[in-house]
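**Student:** I am attaching a structure below and will ask some questions about it afterwards.
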Amino acid sequence: MYEHDVIVVGAGGAGLRAAIAAQEEGADVAIVSKLHPVRSHTGAAEGGINAALREGDSWESHAYDTMKGSDYLGDAPAIETLAQDSPEEVIQLEHWGMAFSRDDDGRVSQRPFGGLSFPRTTYAGAETGHQLLHTMYEQLVKRGIEVYDEWYVSNLAVSDEENPEERTCHGVVAYDIQSGEVEGFRARKGVVLATGGLGQVYDHTTNAVANTGDGVAMAYRAGVPIEDMEFIQFHPTTLPSTGVLITEGVRGEGGILYNSEGERFMFEHGYANNAGELASRDVVSRAELTEVNEGRGIEDEYVHLDMRHLGEERIVDRLENIVHLSEDFEGVDPLEAPMPVKPGQHYAMGGVETDENGETCVSGLYAAGECACASVHGSNRLGGNALPELIVFGARAGHHAAGRDLGEAKIETGKRGEYEVGEVDTPVSPGEVGLGSPSGDAVADGGEKAADGGAVAATGEEIVQRALDRERARVDRLLNTDGVNHSEIRSDVQQSMTRYVNVFREEGGLKEALRDIREARERYQEVGVSDPSRTFNTDLIHTIETRNILDLAEAITLGALARDEFRGAHWRKEHQERKDDSWLKHTMLSWNDGEPELWFRPVILEGEGKTYEPKVRSY
Amino acid sequence: MSTQVPESKEQTESEPETKPVSQGKQKRDQKKRERREREAAEAEEQSQKEEAAKLAEDSYHLKVFRYDPEVEGKQEPRFDDFHVPYKQGMTVLDALIYARDEYDSSLTFRHSCRQAICGSDAMFVNGSQKLCCKTQLSDLSEPVRVEPLPHAEVVKDLVVDMEHFYDQMEAVEPYFQTNDLPEGELEEQRQTRENREKVKMSTRCIWCGACMSSCNIAAGNNDYLGPAAINKAYRFAMDEREGEEMKQHRLEIIERENGVWRCQTQFSCTEVCPKDIPLTEHIQELKREAVKNNLKFW
Chain A
73 MYEHDVIVVG
83 AGGAGLRAAI
93 AAQEEGADVA
103 IVSKLHPVRS
113 HTGAAEGGIN
123 AALREGDSWE
133 SHAYDTMKGS
143 DYLGDAPAIE
153 TLAQDSPEEV
163 IQLEHWGMAF
173 SRDDDGRVSQ
183 RPFGGLSFPR
193 TTYAGAETGH
203 QLLHTMYEQL
213 VKRGIEVYDE
223 WYVSNLAVSD
233 EENPEERTCH
243 GVVAYDIQSG
253 EVEGFRARKG
263 VVLATGGLGQ
273 VYDHTTNAVA
283 NTGDGVAMAY
293 RAGVPIEDME
303 FIQFHPTTLP
313 STGVLITEGV
323 RGEGGILYNS
333 EGERFMFEHG
343 YANNAGELAS
353 RDVVSRAELT
363 EVNEGRGIED
373 EYVHLDMRHL
383 GEERIVDRLE
393 NIVHLSEDFE
403 GVDPLEAPMP
413 VKPGQHYAMG
423 GVETDENGET
433 CVSGLYAAGE
443 CACASVHGSN
453 RLGGNALPEL
463 IVFGARAGHH
473 AAGRDLGEAK
483 IETGKRGEYE
493 VGEVDTPVSP
503 GEVGLGSPSG
513 DAVADGGEKA
523 ADGGAVAATG
533 EEIVQRALDR
543 ERARVDRLLN
553 TDGVNHSEIR
563 SDVQQSMTRY
573 VNVFREEGGL
583 KEALRDIREA
593 RERYQEVGVS
603 DPSRTFNTDL
613 IHTIETRNIL
623 DLAEAITLGA
633 LARDEFRGAH
643 WRKEHQERKD
653 DSWLKHTMLS
663 WNDGEPELWF
673 RPVILEGEGK
683 TYEPKVRSY
Chain B
3 MSTQVPESKE
13 QTESEPETKP
23 VSQGKQKRDQ
33 KKRERREREA
43 AEAEEQSQKE
53 EAAKLAEDSY
63 HLKVFRYDPE
73 VEGKQEPRFD
83 DFHVPYKQGM
93 TVLDALIYAR
103 DEYDSSLTFR
113 HSCRQAICGS
123 DAMFVNGSQK
133 LCCKTQLSDL
143 SEPVRVEPLP
153 HAEVVKDLVV
163 DMEHFYDQME
173 AVEPYFQTND
183 LPEGELEEQR
193 QTRENREKVK
203 MSTRCIWCGA
213 CMSSCNIAAG
223 NNDYLGPAAI
233 NKAYRFAMDE
243 REGEEMKQHR
253 LEIIERENGV
263 WRCQTQFSCT
273 EVCPKDIPLT
283 EHIQELKREA
293 VKNNLKFW
């Protein structure tokens, strides 16, 4: 068993920042990551980092834009924290050497992005995430922070008191991908989840193959509520054949969207008469699909994004890698022709419920970055707000986990204080099909009764050991079972999600998706790994990941079915209005003995000096 | 899903399976039989699928390197043939994924972002180092040979051990060092556009290891820093924000016995770099800088 003060799971932007922060506090910190840090998906972020750095801009304005962008489903304490902390964090990155694009006076450049009232998106060409990831990894090397790379964390070691709010996380269990060894990692002070996105729930996504939502699913099964899962952001400009992302920076720099009739539809069809192409992502995604659905799409599938008029010099200066992406992955030279684009899954606004300090309701368990939901993005994330979230909340979670007192959080986590019990009508019962396979030779189920009430007094080490024993048994079973291949289960769910739980959602389809997920869960009872090797067994990892995909697909769909209104990225055919009277609240799901339980928590609109009043969101 | 009021939730005590053992065993045996039958049917279906793909005109023939130190029958390295149905725009990575998901789930390779930024799927394709995700099948002649990166230890199939590569990267102090931070925490260091432009290409490295694998010198001398690490040194040495003193220190590092002077300007690193970094040029420029600074040569 390995032991450290703080264990960070995941080595993307949030994980790296958290590890650096924990070390700044003097903690012995280690990162456990299924990829080598420089392979993390933060590297694929293109556009930039929002931070109020300049005269004429202010954190208050950044906070206001973010609240409006969230369609009033963000929590003010989290949003204000983001806006207040990001300037310092961004300048710190510069001090760490990050290769930002520069203005003539040598200062870091900023550019306009959708939904922002000031050009506050700081960037490094169209490869901001790559530069950020590498800059932070460099700091990790400098500080000698230990990294267990290519170790797949497959479960958390959490005590089993009946109420999640009384539980403690003592560490994680991980699988060394190279050797096949399963080991326990005890965290003396805290575990920070920074496992990133869950795009692999869908089959058309900008996300990496590794983005299977492991952290969200593990925390969920350990009793931590997950929040606002129905809010999935679809990015309006992804390449149709692969889902590769074309940054919003293209529109920020002046790129134009056309339909098959050559109309600049954002204006000509009145989707966003003021902001046009720079309306926020949900608005543009719906506009594009409406064009396609009404017969004005190209090849019934996509629209055109044209940047030729910007001129080669400007394109190469600011958007160079877009030229390569379009050529390599779509075969289109954007200096010569418009790029085909369509919406694709891009970001999960929801995730592990945390407060503005990154802490969950389980003691010693923190989450930051895309896997977390401190509720910064509400129902829709603004472009350029994901990267500041990584560094701001990564830093806070890391500091806090290592013992720094960040003051009392204004956001309350867990089922404490004010909440409302929820109800939703589902066609099949969600949750676990049954613990273990009915045939007796049970295979992967990952889920376990968190609260068996038996071992409340166990020490941290014993709790990690118990989780380790269970995980070893699970891996042994999986390796010794020749069953259904995970890939068919996974692709069926991905397709169902893209079909029914996409940009446009309707009741019948959502129920269909729940049926498909249930069926997939049943088949998963018989899943097995055909590769018998312990060495670099990707078959095994993908099989464990698939379980996470199932739980999250279900959570997204349940949330979408429950929320009978139209807000931000969540569009419902039967409910075409935002219903502030009944829906200024977060959708929460708790995993209780293998079954999701739905409840709601009110949105916090009271900020530091003001209360954000919901207004019509027009651009 | 029903609603749960927190307190009223009934504690469902575990319900142990108390079926007689014999019945359980019978059931298990039956399951096993069913599974065997299903597997046989699936294997049949797969070989039919592959057979059909082979016959179809629009399929690609891949010869893929296989090796697993643990599995009997794979301990002796070999090539497996896969016939993958072709779709417009299909890359080598797409073909490998297809082969893995449809034909053989033990086929092992690294990959993640699918968009040439994570750097994990560099392999040896038809005799040259390539990033599989950005290599179009249609640009290759058949059969497409896919092998692990040369000059690195093979862990399994197409996966190589990257430790040595990472060690070389770390040897050049790959992090920004300056003593010249401005006063005030919200003030950035200034950098001219020209200077940023100068280091820009060098910052694009995704650590895929293609260059190192293609370098004859690195192959024959394990201690040579290699093109990626020297490029990393270039990235900082040329960044004006680090200052003159640090630049001297950086030049000293790359001037050591296994630094820039080992490079024989064969350009193979530059040829294979998937991010078009002019690696050889950067190495040459560092040699010139070293000479200009009157530092010792060997």
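If you're matching them up, the sequences are chains A and B in order. Mapped onto my numbering, the consecutive letters of the first sequence carry residue numbers 73 to 691. Mapped onto my numbering, the consecutive letters of the second sequence carry residue numbers 3 to 300. Backbone N, C-alpha and C fix where the C-beta goes; we use that ideal spot for every residue, glycine too. Everything numeric in this text was worked out from a predicted model, so none of it was measured.
1) Please tell me whether, using a cut-off of 7 Å, the distance from the CB of residue 161 of chain A to the nearest non-hydrogen atom of the ligand FAD is below it.
2) Please list the partners that residue 159 of chain A has in chain B, where partner means a Cβ-to-Cβ separation under 8 Å.
3) Taking just the CA atoms, how far does residue 168 of chain A sit from residue 201 of chain A?
4) Excluding five sequence neighbours on each side, which residues of the same chain lie with their C-beta closer than 6 Å to the C-beta of residue 99 of chain A?
5) State the start and end residues of the unbroken alpha helix (DSSP H) segment that holds residue 136 of chain A.
6) Using three-state DSSP, classify residue 564 of chain A as helix, strand or coil.
7) Please classify residue 323 of chain A as buried or exposed, where buried requires at least 16 neighbouring CB atoms within 10 angstroms.
8) Does residue 70 of chain B come within less than 8 Å of chain A when only Cβ atoms are used?
9) Just how far apart, CA to CA, sit residue 111 of chain B and residue 108 of chain A?
10) Would you mind stating whether residue 251 of chain A and residue 464 of chain A have Cβ atoms separated by less than 8 Å?
11) Checking 8 Å against the spacing of the C-beta atoms, do residue 423 of chain A and residue 444 of chain A come in under that value?
12) Is residue 655 of chain A near residue 635 of chain A, with beta carbons less than 8 Å apart?
13) Let's test the definition: count the other Cβ atoms within 10 Å of the Cβ of residue 182 of chain B and tell me whether it reaches 16, buried, or not, exposed.
14) Reducing DSSP to helix, strand and coil, say where residue 381 of chain A ends up.
15) Show which residues of chain B have a CB atom less than 7 Å away from the CB atom of residue 214 of chain A.
16) Assuming contact is defined by CB atoms lying nearer than 8 Å, are residue 629 of chain A and residue 573 of chain A in contact in what I supplied?
17) Against residue 176 of chain A, what residues of chain B qualify as contacts under a CB-to-CB distance less than 8 Å, listed in chain order?
18) Of the residues A/382, A/540 and A/111, which one's Cα is nearest the Cα of residue 122 of chain B?
19) By the criterion of Cβ-Cβ separation under 9 Å, what are the contact partners of residue 333 of chain A in chain B?
20) Nearest-angstrom Cα distance between residue 439 of chain A and residue 265 of chain A?
21) Using C-beta distances below 6 Å, list every residue in its chain close to residue 70 of chain B, excluding the 5 sequence neighbours before and after it, in chain order.
22) Mind checking which residues open and close the beta strand (DSSP E) that includes residue 218 of chain B?
23) With 16 other CB atoms within 10 Å as the buried threshold, where does residue 680 of chain A fall?
24) Mind pulling the chain C residues with CB within less than 7 Å of residue 205 of chain B?
25) Could you please give the first and the last residue of the uninterrupted beta strand (DSSP E) stretch that includes residue 661 of chain A?
26) Contact defined as beta carbons within less than 8 Å: I believe residue 177 of chain B pairs with residue 210 of chain A. What is the distance between those atoms, to the nearest angstrom?
27) State buried or exposed for residue 569 of chain A, treating a residue as buried only when at least 16 other CB atoms are found within 10 Å of its CB.
28) Based on the DSSP output, what are the partners of residue 74 of chain A in its beta bridges?
29) Do residue 561 of chain A and residue 595 of chain A have their beta-carbon atoms positioned less than 8 Å apart in this structure?
30) For residue 140 of chain A, does the count of other Cβ atoms within 10 angstroms reach 16, so buried, or fall short, so exposed?
31) Does the CB of residue 663 of chain A have a neighbour CB from chain B at under 8 Å?
32) Give the residues of chain A in contact with residue 202 of chain B, contact being defined as C-beta atoms less than 8 Å apart.
33) So which residues of chain A does residue 275 of chain B contact, with C-beta pairs closer than 7 Å?
34) With a Cβ-Cβ cutoff of 8 Å, do residue 268 of chain A and residue 489 of chain A count as a contact?
35) Taking only three categories from DSSP, how would you classify residue 146 of chain A?
36) Tell me the DSSP secondary structure of residue 263 of chain B in three-state form.
**Tutor:** Result, derived from the coordinates:
1) The ligand FAD is not among the ligands present in this structure, which contains no ligands whatsoever.
2) 188
3) 15 Å
4) Closer than 6 Å at Cβ, skipping near neighbours: 77, 78 and 474.
5) Residues 131-141.
6) Under the three-state reduction of DSSP output, residue 564 of chain A falls in the helix class.
7) buried
8) Yes, contact with chain A.
9) 14 Å
10) no
11) yes
12) Cβ distance < 8 Å, so residue 655 of chain A and residue 635 of chain A count as in contact.
13) Of the residues assessed, residue 182 of chain B falls on the exposed side of the cut-off, its CB having fewer than 16 other CB atoms within 10 angstroms.
14) helix
15) 177
16) yes
17) Neighbours of residue 176 of chain A in chain B, taken as residues whose beta carbon is under 8 Å from its own, are 195 in chain order.
18) A/111
19) Under the 9 Å cutoff, chain B gives no residues; its nearest Cβ is about 25 Å from residue 333 of chain A.
20) 4 Å
21) 76 and 158
22) No beta strand (DSSP E) holds residue 218 of chain B; the alpha helix (DSSP H) holding it covers 218-222.
23) exposed
24) The chain labelled as chain C is not found among the protein chains of the depicted structure, namely A and B.
25) 657-664
26) 4 Å
27) buried
28) A/257
29) Result yes, Cβ atoms of residue 595 of chain A and residue 561 of chain A sit closer than 8 Å.
30) buried
31) No, no contact with chain B.
32) Residues of chain A with a Cβ closer than 8 Å to the Cβ of residue 202 of chain B are, in chain order, 171 and 197.
33) Those within 7 Å of residue 275 of chain B in chain A number zero; the least Cβ separation is about 13 Å.
34) no
35) coil
36) Reduced to three states, the DSSP call for residue 263 of chain B is helix.
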